[in-house]
Ligand code: NAD
Ligand code: MG
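In the numbering used here, the protein residues as written are 190 to 589.
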């Protein structure tokens, strides 16, 4: 039996992971489930999947979960806080960790899994955006196996040669093409963008996802984060990565070889496919995703318009600056997206807040985790000031 811990079990990726695991009870055992504060949801998941451990990041929520499980499932150990998350990421009975916490909160628990040499299924792209080099060094130092869950990176991984030795050129690869759906506002008139609501931003045309990544998809910061993620995962530079709009989200990404062969992975937009792929790699297991009918397919590809999606060039700017600039970018984005979701910032204010925060913050060498966490905190404080500046100027025109 392969023991699996899910960090972020109650989220969109967590729920899809449990769905895949439940299809293969002879192969996988759920060792631990975690969530931030949604007691009801984690309680139900505990009853259905009977993990050995359950972790609530919020201590009060852990207390409530413990009380509720006392009669129904007293054998489940309930842990709390950051320490609890790091403990279940590194348990000896855990072979595989699904890193599916959203945002910077996922960095330390994901790193704990890496340092314990686990097979780490990385959905939490923000961890890699923040800690890139340090993260990849730890993967190598501890013999962890890092497999991408992001559909684009999982597609690229599937199109790489099996013996890919972290050297694109030696593998005869010219470039990586990441596809992007363009989100719900791909065709919205530009003058309406300041007024779009969180509900509209979260209504993604192809994927059902958590709220933060849904807004990131609407601004295309998600693609910016993914370009940075791809640079670290595949040991390459932004010049070798191209982003194209592909509104149908069927071609999940492509790899172009020197002989001009273009390999792609196609599938229904269903995260259970990359999850099943990474769980079983190098074997294959059923995912539950619906089959694609080739006769129904219609595939379009378009250039990205940077005027409509200014967050994407901001991510390239952060990559070009190097150092802690990606930490700044990610932190400012998290603050701006949260403010937009709360109705405190207009949709178009997200890019402004990130741009100004990037301009304010000095770039440092991300030599240690301490430096990375310091910059994360400082950039959040700075971004919050810009959000408040926007609010004071009456820049919030959208309503939740
Ligand atoms: P979500 O919001 O649906 O779920 C987030 C999970 O993290 C929940 O279980 C929540 O309880 C937990 N969590 C949130 N804050 C936490 C904190 N401070 N401490 C501990 N736990 C916390 O998010 P999601 O859509 O499942 O996305 C998860 C990650 O996967 C993100 O990094 C996202 O970018 C990435 N991802 C998601 C998709 C998708 O289809 N949803 C696709 C690709 C990548
Ligand atoms: Mg993606």
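The beta carbon of each residue, even a glycine, is placed where N, CA and C say it ideally should be.
Source: prediction; values computed, not measured.
- Residue 394 and residue 373 have their C-alpha atoms spaced approximately 6 Å apart.
- Taking a C-beta distance under 8 Å as the contact criterion, residue 210 and residue 198 do not qualify as a contact pair.
- Taking one beta carbon from each stretch, the region 339–359 and the region 405–424 have 3 or more pairs nearer than 8 Å; the two touch.
- Contact between residue 370 and residue 466 is ruled out by a C-beta separation of about 20 Å, above the 8 Å threshold.
- With a cutoff of 8 Å on beta-carbon distance, residue 253 and residue 220 are scored as not near each other.
- By the neighbour-count criterion, in which 16 or more other beta carbons inside 10 Å mark a residue as buried, residue 460 falls on the buried side.
- Between residue 399 and residue 504, the gap from beta carbon to beta carbon reaches 8 Å or more.
- Setting aside the 5 residues that flank it on each side, residue 275 is surrounded in the same chain by 297, 298, 301, each with a C-beta closer than 7 Å to its C-beta; the list follows chain order.
- According to DSSP, residue 195 shares a beta bridge with 222, 287.
- Secondary structure at residue 432: strand, using DSSP grouped into helix, strand and coil.
- Taking each of 497, 234, 351 in turn and checking the Cα distance to residue 377, the smallest one comes out for 497.
- Going by DSSP, residue 563 is part of the alpha helix (DSSP H) stretching over 558–581.
- Within the DSSP bridge table, the entry for residue 245 names 224, 269 as partners.
- In the three-state reduction of the DSSP assignment, residue 282 falls in the coil class, being assigned neither a helical nor a strand state.
- For residue 393, there is no enclosing beta strand (DSSP E), as DSSP marks it with neither H nor E.
- Excluding five sequence positions before and after residue 303, the CB atoms of its chain that fall closer than 8 Å to its own CB belong to 309, 324, 327, 328, 331, 333, 335, given in chain order.
- Considering only 464, 243, 258, the residue with the shortest C-alpha distance to residue 344 is 464.
- In its chain, beyond the 5 residues on either side, 368, 453, 455 have a beta carbon closer than 6 Å to the beta carbon of residue 440.
- Contact between residue 427 and residue 508 holds: their C-beta atoms lie close to 5 Å from each other, under 8 Å.
- Pairwise C-beta distances place the region 257–266 out of contact with the region 278–289, as fewer than three of them are shorter than 8 Å.
- Residue 454: member of the beta strand (DSSP E) spanning 451–455, first to last residue.
- Looking at the backbone, the Cα of residue 351 and that of residue 493 are separated by about 31 Å.
- Beta-carbon to beta-carbon, residue 517 and residue 547 are separated by about 6 Å, close enough to satisfy the 8 Å threshold.
- Within its own chain, the residues whose Cβ lies closer than 7 Å to the Cβ of residue 403, once the five positions on either side in sequence are excluded, are 390, 391, 393, listed in chain order.
- In the three-state scheme derived from DSSP, where H, G and I count as helix and E and B as strand, residue 308 is classed as strand.
- Scanning 248, 245, 196, 519 for the CA closest to the CA of residue 544 turns up 519.
- Of the residues 445, 235, 510, the one whose Cα lies closest to the Cα of residue 348 is 445.
- A direct Cα-Cα distance of roughly 20 Å separates residue 442 from residue 485.
- Residue 365 carries a strand assignment under DSSP once its states are collapsed to helix, strand and coil.
- When rounded, the separation of the alpha-carbon atoms in residue 437 and residue 396 is 10 Å.
- Beta-bridge partners assigned by DSSP to residue 445: 364, 451.
- Note that the C-beta distance between residue 431 and residue 364 is below 8 Å.
- Of the heavy atoms belonging to the ligand MG, at least one sits nearer than 7 Å to the Cβ of residue 340.
- Annotation for residue 411 indicates a beta carbon within 7 Å of some heavy atom of the ligand MG.
- One thing to note: residue 515 has its Cβ no nearer than 8 Å to the Cβ of residue 479.
- Around residue 190, the same chain offers 218 as residues with beta carbons nearer than 6 Å, after the five sequence neighbours per side are excluded.
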